[in-house]
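Participant: Protein chains in written order, with our numbering: chain Z, 1 to 359; chain C, 1001 to 1359.
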DNA sequence: ATACTCAATGTCAGCGTTGACATGAATTGT
DNA sequence: ACAATTCATGTCAACGCTGACATTGAGTAT
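Written as structure tokens, this is what we have:
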């Protein structure tokens, strides 16, 4: 294991000639006591200076500050936090898949909002493995994180109930928790998708496909509901031929689109349920939106340059709101759980609405 | 300020009828002593069980584990770490701009590699503000992070020298540190760019532009050097008319490209120095690579679908290597500083090499 | 039977900090 | 001039944990 405190065996060699360049630690970190000794005051007085208490003479304060600077003193927050009931100022954000740019934008929003409240963000990934979720969370709780922000992966978050009762706020992002009273921030999945599909219908489309995977996700189910709802309103009661809801291990969105286009009555428009599906659709269609209209859920880099219409939202706003919920919950642990919906809006760039359907 | 320990004023109201739904913390967290009391053993024995010491009867162990489970005991790592010399298992990654997707991918690589060594990643942003770098780092050091990973923003990291001597590894990412002996992981900026430009020259291009900002960055300077080197090899000694190295507040890459195209002798090929510049170029050119060839530094989502050639590398690998340096340095604090170069490779997708120059 | 080993458990102190409380000196009021 | 107040500073204990060391009792060797 890693242990930097184990001094190297250098002293065993009386004359280490081939000694490498940088030096290891000579002295250890200065403590309040060290500073106090140098300044000729008690550790407590140093503490007062560090904490900015007013009950210190200007003269003493300067002496102490000089000593602190000389010794490169840096207060030990571990000790401080222990003393104060093990309350830290780190908030954990537990993500499934770190490589999804979506979550990083969320993380950016969280980081920024938390920083404004003196809180730091610790990032932990579960690699989309439900089993590792509890393990990761457990590790974080041992570190006494102040609150937990998470994109729930496991099918059950009941294991957090005890912790919640102990006062650790839990805020779920993108999907609600299962079997746990927790605040959550989600997208306007249903309405956003329904509105986009309604737009396609208004443009004359009837055969509208929906491509998405994995189908089991809360977000995708909501979007699917929105899709179906809009079609139902238009009198299309069975959209199933155009639904492609493959699961993670099945065919990719790219395959699904090729499959759709090969149908005897191919769809005239495609809606992608998430940004990964969007990538697949774009690859399969190769920018030929004269043939098939396309709207993706979730904006992406250069979608504007490519003229692709999307159901967009602000991922950073998701993070910001979640962080705000954390802060609010820390301020007031009591109070009914909240669910915030982040609005989506259709950005029309040509791929979805300017198309004249073939039939 | 935030303080969840402040109990609500509920007890002042004898009969709180309009009480909200969830409950606040009833009891506090169990400690080793609590578990010991319940199991009828000393705290030390509980500690032994928790740490997995062998010198405990099977019977005692089970009693203790049962008690721990009953009390939902969770070891306090703050106390543990304090006891052990304030050595934590969190490593900080200090980034300038969180919204740059490049850094996400780096962070993902870091997180993954660190996790394999039982280390956690704490993310902190400086918002590309050199002045806030030291402040942010200082805060992190108070938390006693085990090591520091950073993308240096400030023009001087000498303030970390003391900390380095105390044994905190510092690894710089993407650019080397200034005035500080530290390990670093950088890209093959010079060679990667030179090779790409050589390719354009081989394809017959002579008027090759370089668009990038801000010009002051180490990475961009290296890339610029590579660009000039390749041109020099081809006998083009003064590329300055085609260099567009505007700084952050100046015109955007998009503007620069329009400007270039409006020249009396416009470039036949453009090289972008980073992914932001690439976006700008793509927007300005609008995919018309028949007119002007294009190669960007740094791959991006859907560059493949758009057929854009890039100088690519693996950002996650950057992170992984950096994390590995941290771990190595923790194992062996002595040893000469290392600089690792992450290889780049030219991915030809059509925008750069299949073009027939106009002249 | 006596000393000797060893395993299981306990006692204690201290990691660095700060709240509660104590002390002593200077200042104030009357 | 003397108690009352204020202010700067100090003493002490405890946050939760675990290394160093002590203790106990059972088993083993002579």
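By construction, the Cβ of each residue, glycine as well, lies at the ideal position given by its N, Cα and C atoms.
Suppose you measure from the CA of residue 161/Z to the CA of residue 1070/C; what does that come to, to the nearest Å?
Facilitator: Near 14 Å, if we compare the C-alpha coordinates of residue 1070/C and residue 161/Z.
Participant: Inspect the CB distances between the segment 1318-1330 of chain C and the segment 1111-1129 of chain C and report whether three or more fall short of 8 Å.
Facilitator: Counting Cβ pairs under 8 Å, three or more are found: they touch.
Participant: Note down, in chain order, all residues in the segment 129-152 of chain Z with a beta-carbon under 7 Å from any beta-carbon belonging to chain C.
Facilitator: Within the segment 129-152 of chain Z, the residues whose Cβ lies closer than 7 Å to some Cβ of chain C are 141, 142, 143, 144, listed in chain order.
Participant: What residues of chain C sit near residue 125/Z, judged by a beta carbon separation below 8 Å?
Facilitator: Near residue 125/Z (Cβ distances below 8 Å), the residues of chain C are 1108, 1111, 1112, 1115.
Participant: Starting from the Cα of residue 1121/C, find the closest Cα among 1128/C, 1132/C, 1146/C and give me that residue.
Facilitator: Out of 1128/C, 1132/C, 1146/C, 1146/C has the C-alpha closest to the C-alpha of residue 1121/C.
Participant: Below 8 Å CB to CB, which residues in the same chain sit around residue 65/Z once its five sequence neighbours on both sides are set aside?
Facilitator: 49.
Participant: Starting from the C-beta of residue 1039/C, find all residues in its chain whose C-beta is less than 6 Å away, skip the five residues before and the five after it, and write them out in chain order.
Facilitator: So the list reads 1063, 1064, 1067, once near-sequence residues are dropped.
Participant: Would you list, in sequence order, the uninterrupted beta strand (DSSP E) runs of no fewer than 3 residues that lie entirely inside the segment 170-211 of chain Z?
Facilitator: List check, beta strand (DSSP E) in window: 170-173, 183-187, 208-211.
Participant: Does the beta carbon of residue 101/Z come closer than 9 Å to any beta carbon on chain C?
Facilitator: For residue 101/Z, the answer is yes, since a Cβ of chain C falls inside 9 Å of its Cβ.
Participant: Take the Cβ of residue 196/Z as the centre, count every other Cβ of all protein chains shown within 10 Å, and call the residue buried at 16 or more, exposed below.
Facilitator: Classification for residue 196/Z: buried.
Participant: For chain Z, check one thing: does any of its Cβ atoms lie closer than 9 Å to the Cβ of residue 1121/C?
Facilitator: It does: the Cβ of residue 1121/C has a partner Cβ on chain Z nearer than 9 Å.
Participant: Expressed to the nearest angstrom, what Euclidean distance is found between the alpha-carbon atoms of residue 1141/C and residue 107/Z?
Facilitator: Approximately 22 Å between the Cα atoms of the pair.
Participant: Closer than 7 Å, Cβ to any Cβ of chain C: which residues of the segment 269-282 of chain Z, in chain order?
Facilitator: If the cut-off is 7 Å between Cβ atoms, the segment 269-282 of chain Z has 279, 282 near chain C.
Participant: Check the DSSP bridge columns for residue 244/Z and list the partner residues they point to.
Facilitator: For residue 244/Z, which the question treats as bridged, DSSP gives the partners 211/Z.
Participant: Count the other C-beta atoms from every protein chain shown that fall within 10 angstroms of the C-beta of residue 1084/C, then say buried if there are 16 or more, exposed otherwise.
Facilitator: Its Cβ having fewer than 16 others within 10 Å, residue 1084/C is exposed.
Participant: Taking 9 Å as the cut-off, decide whether the C-beta atoms of residue 220/Z and residue 245/Z are in contact.
Facilitator: Cβ distance < 9 Å, so residue 220/Z and residue 245/Z count as in contact.
Participant: Of all the CB atoms in chain Z, is at least one closer than 9 Å to the CB of residue 1299/C?
Facilitator: It does not: the Cβ of residue 1299/C has no partner Cβ on chain Z nearer than 9 Å.
Participant: Among 1252/C, 1257/C, 1046/C, 1129/C, which has the Cα closest to the Cα of residue 1094/C?
Facilitator: Checked all of 1252/C, 1257/C, 1046/C, 1129/C; the closest Cα to residue 1094/C is 1129/C.
Participant: For chain C, is any of its Cβ atoms less than 9 Å away from the one on residue 189/Z?
Facilitator: By this cut-off, residue 189/Z is not an interface position.
Participant: Measure how close the beta-carbons of residue 274/Z and residue 255/Z come, nearest whole angstrom, since I'm counting them as under 8 Å.
Facilitator: Between residue 255/Z and residue 274/Z the Cβ distance is about 16 Å, and since that is not below 8 Å, they are no contact.
Participant: Against chain Z, does residue 1104/C count as a neighbour if the rule is that its beta carbon must be under 9 Å from one of theirs?
Facilitator: For residue 1104/C, the answer is yes, since a Cβ of chain Z falls inside 9 Å of its Cβ.
Participant: Quick test of the definition: if touching needs 3 or more C-beta pairs under 8 Å, does the segment 182-192 of chain Z touch the segment 332-346 of chain Z?
Facilitator: Flag = yes, the segment 182-192 of chain Z and the segment 332-346 of chain Z touch.
Participant: Quick one: what does DSSP say residue 1074/C is sitting in, helix, strand or coil?
Facilitator: Coil, per DSSP.
Participant: Less than 9 Å between CB atoms is the rule here; does residue 77/Z satisfy it with respect to chain C?
Facilitator: Residue 77/Z counts as touching chain C.
Participant: Using a Cβ-Cβ cut-off of less than 9 Å, list which residues of the segment 1298-1327 of chain C approach chain Z; keep chain order.
Facilitator: Residues 1300, 1301, 1302, 1303, 1304, 1305, 1306, 1316, 1327.
Participant: As a quick exercise: from 1079/C, 1086/C, 1343/C, pick the residue whose alpha carbon is nearest that of residue 1314/C.
Facilitator: Cα-wise, what sits closest to residue 1314/C is 1343/C.
Participant: For residue 1219/C, name the three-state secondary structure that DSSP assigns.
Facilitator: Residue state, collapsed to three classes: helix.
Participant: Do residue 211/Z and residue 148/Z have their C-beta atoms closer together than 9 Å?
Facilitator: Against a cut-off of 9 Å, the Cβ pair of residue 148/Z and residue 211/Z comes out as no contact.
Participant: Alpha carbon to alpha carbon, how far is residue 1080/C from residue 1046/C?
Facilitator: Taking the straight line joining both Cα atoms gives about 14 Å.
Participant: Excluding the 5 residues flanking residue 1170/C on each side, which residues of the same chain have their C-beta closer than 6 Å to its C-beta?
Facilitator: Hits under 6 Å: 1148, 1160, 1164, 1182.
Participant: Return no unless some Cβ of chain C is closer than 9 Å to the Cβ of residue 360/Z.
Facilitator: Nothing can be reported for residue 360/Z: it is not among the residues displayed for chain Z, which extend from 1 to 359.
Participant: Please tell me whether residue 28/Z has its Cβ less than 9 Å away from any Cβ of chain C.
Facilitator: At least one chain C Cβ lies under 9 Å of residue 28/Z.
Participant: Do residue 1300/C and residue 1101/C count as a contact pair if the criterion is CB distance below 9 Å?
Facilitator: In contact: residue 1101/C and residue 1300/C (Cβ atoms closer than 9 Å).
Participant: Compare the C-alpha of residue 158/Z against each of 137/Z, 124/Z, 269/Z, 232/Z and name the closest.
Facilitator: Among 137/Z, 124/Z, 269/Z, 232/Z, the Cα nearest to that of residue 158/Z belongs to 137/Z.
Participant: Which runs of the beta strand (DSSP E) at least 3 residues long sit entirely within the segment 1117-1160 of chain C? Give them in chain order.
Facilitator: Listed in chain order, the complete beta strand (DSSP E) runs (minimum 3 residues) inside the segment 1117-1160 of chain C are 1120-1125, 1147-1150.
Participant: Along the chain, where does the alpha helix (DSSP H) that runs through residue 28/Z open and close?
Facilitator: Segment: none, residue 28/Z is in no alpha helix (DSSP H) and carries neither H nor E.
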